[in-house]
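**Student:**
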Amino acid sequence: MALTSHNQLILSVYIVTFVTGLPANILAFYTFSMKVHHKPAPIDILLLNLTVSDLIFLLFLPFRMVEVLSGSWVLPNFLCPLSGFIFYSTIYISTFFLMGVSVERYLGVAYPIKYKINHKPMYAIMASVFFWVISAAHCSIVYIVQYQKPGNGTHNVSSCYEEFTKEQLNILLPVRFEMCLVLFCIPFLITSFCYISFIRILTTLPNISHRRKQRAIGLALGTLLVFILCFCPYNISHVVGFVKWESPAWRVDALLPSTFNACLDPIIFYFSSSEVQNNVRNCISGVLGRIRPINLCKRLCPAAYTVDEQTESSFNNL
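First residue of the sequence shown: 2, per the numbering used here; consecutive thereafter.
1. Using the Cβ count rule (16 or more neighbours within 10 Å means buried), how would you classify Trp74?
2. If you draw a straight line from the C-alpha of Ile16 to the C-alpha of Thr52, how long is it?
3. Any chance the region 61-76 sits against the region 119-134, with 3 or more Cβ pairs inside 8 Å?
4. Taking Phe178 and Phe261 to be in contact with their CB atoms under 8 Å, please state how far apart those CB atoms are, rounded to whole angstroms.
5. The alpha helix (DSSP H) spanning Ser71 covers which residue range?
6. My output table needs one value for Asn208: the three-state DSSP class, helix, strand or coil.
7. Going by alpha carbons, who is nearest to Pro82 out of Val130, Gly22, Thr96, Val143?
8. Does the region 167-183 come close enough to the region 228-242 to have 3 or more Cβ pairs within less than 8 Å?
9. Nearest by alpha-carbon distance to Asn26: which of Ile285, Ile269, Asn283 is it?
10. Closest by CA to Val104, which one among Pro113, Thr192, Ser129?
11. Taking only three categories from DSSP, how would you classify Leu4?
12. For Asp45, which residues of its own chain have a beta-carbon under 7 Å away from its beta-carbon, when the five flanking residues on both sides are left out?
13. Taking the alpha helix (DSSP H) that Val75 falls in, what are its first and last residues?
14. By DSSP, does Trp246 sit in helix, in strand, or in coil?
15. To the nearest angstrom, how far is the alpha carbon of Phe189 from that of Ile229?
16. Give a yes or no on whether the minimum CB-CB distance between Ser129 and chain D is below 8 Å.
17. Going by beta-carbon coordinates alone, are Ser199 and Arg106 separated by less than 8 Å?
18. What does the Cβ neighbour count give for Ala138, buried or exposed, with the cut at 16 atoms within 10 Å?
19. Going by beta carbon distance, what residues of the same chain come within less than 7 Å of Cys97, once the five residues before and after it are set aside?
20. Using the three-state DSSP reduction, which class does Tyr144 fall into: helix, strand or coil?
21. For Phe131, does the three-state DSSP call read helix, strand or coil?
22. Can you tell me where the alpha helix (DSSP H) holding Leu184 begins and where it ends?
23. Under 8 Å, do Thr224 and Leu99 count as touching if we go by C-beta distance?
24. Can you give me the C-alpha to C-alpha distance between Pro258 and Phe232, rounded to a whole angstrom?
25. Specify, as a first and last residue, the run of the alpha helix (DSSP H) that Phe86 falls within.
26. If you draw a straight line from the C-alpha of Ile202 to the C-alpha of Ala111, how long is it?
27. Comparing C-alpha positions only, which one of Ser286, Thr18, Leu49 sits nearest to Ala128?
28. Between which residues of its own chain and Leu4 is the CB-CB distance below 6 Å, once the five residues before and five after are set aside?
29. Take the Cβ of Ile263 as the centre, count every other Cβ of all protein chains shown within 10 Å, and call the residue buried at 16 or more, exposed below.
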C-alpha cells in the first residue's frame, strides 16, 4: 500500500522521534538512576520520572508506525486502547513533570535558605506519584470510550481511537476540554510564572557570573518554548472540538509536535545536569574512538597489526 504524503510526514516524525529519542533517553535514564541511587535530589527524581515517561512513550511508538504503514489497525485489538492510553497519558505526564522542575528551580532562587532546609526527596516522590495517578486517571477515558458501545468496541477495529459515534463524542469531548484545563493550562500557567519569576530574580543576583545567568535563562526560555510548541497545538484541538462538538480532523497533525517532545526532553536534561553532559561526551568520545581509521583497521585486520607491533618491538630492543 502506497503511503500518502500526509502519512509519510507522520511516519517520518515517528521514526525521527524514535531513533533520536530512544538512545538519548536511555542515556538520561542511566545518569539520573545513578544520581538518585547515590544522592537523591528532588529535581533528579522529577527528571528521572520524566525520562521514564518518555521511554514508555517511545517503546509504544512502533505500534503507531505499524498503523500508519498499514493504513489501518492490524495489531491485536487489545493493543489499541492500551497504546492510546500510553500515548496520551505520557503526554500529560510530561507537562506535569516539566512543571515540577520549574517549581524546583523557582524555589531554589526565590527562597534559597528555606529550600535548602526543607527540600526533601520524599516530597518529589509524593508529587511524582500524584502526577502519574492524575494523568493516568484522566486518560483512562480511552478505555471508557472504547467499550462504551459494544458495536464500536474492540471488534472489527479498522482505526484506533480516530472515529467516534455520537454517543462516544458526548462523553469524550467534555473530558478532553477538562483535560486541556487541568492537565495543560494549569501546569503551563504555573511553569510560566515560575520561569518568568526565576529569570527576573536571577538577573538581579550580583554573585552569579554572566555566563551562568545566560545559561540558566536560556534553559528556562527553552523549556517554555518546548512547552508551547509541543503541547499547545494538541490542547487547542480539545478546545476547538468542544466548541464545534466534533473531533477535529487535524487533531492527528496537532499530535505530531507532542510526539516530537520525546526527543526534545533530552536536550533539557543535557543542560540541566553536568552528569548528563559528561556521559554524553564520554559516549561521543567512545564512538569516535572506535570509528577512527587506525582503530577500524586494527579491528578489521588484527593479524597485520600484531605482526607490525611485534616487528616494532623487536626493532626497539636492538
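Ideal placement from N, C-alpha and C gives every residue a C-beta, glycine not left out. Small disclaimer: the values here were computed from a predicted structure and weren't measured.
**Tutor:** Working from what's here:
1. buried
2. 19 Å
3. no
4. So it is not a contact: roughly 24 Å between Cβ atoms.
5. 43-71
6. coil
7. Val143
8. yes
9. Ile269
10. Thr192
11. coil
12. Phe33, Lys36, Val37
13. Element bounds for Val75: n/a, residue is neither H nor E.
14. coil
15. 8 Å
16. Absent from the structure: chain D. Only one protein chain is present.
17. Here the sequence assigns Phe to residue 199, which means Ser is not the residue at that position. Cβ atoms of Phe199 and Arg106: closer than 8 Å.
18. exposed
19. For the record, residue 97 in the displayed sequence is Phe; it is not Cys. Same-chain partners within the cutoff: Phe132, Ser136, Pro188.
20. helix
21. helix
22. Segment: none, Leu184 is in no alpha helix (DSSP H) and carries neither H nor E.
23. yes
24. 7 Å
25. 80-111
26. 7 Å
27. Leu49
28. none
29. It is worth fixing the name first, because residue 263 is Ala in this sequence and not Ile. With 16 or more Cβ atoms within 10 Å of its Cβ, Ala263 is classed as buried.
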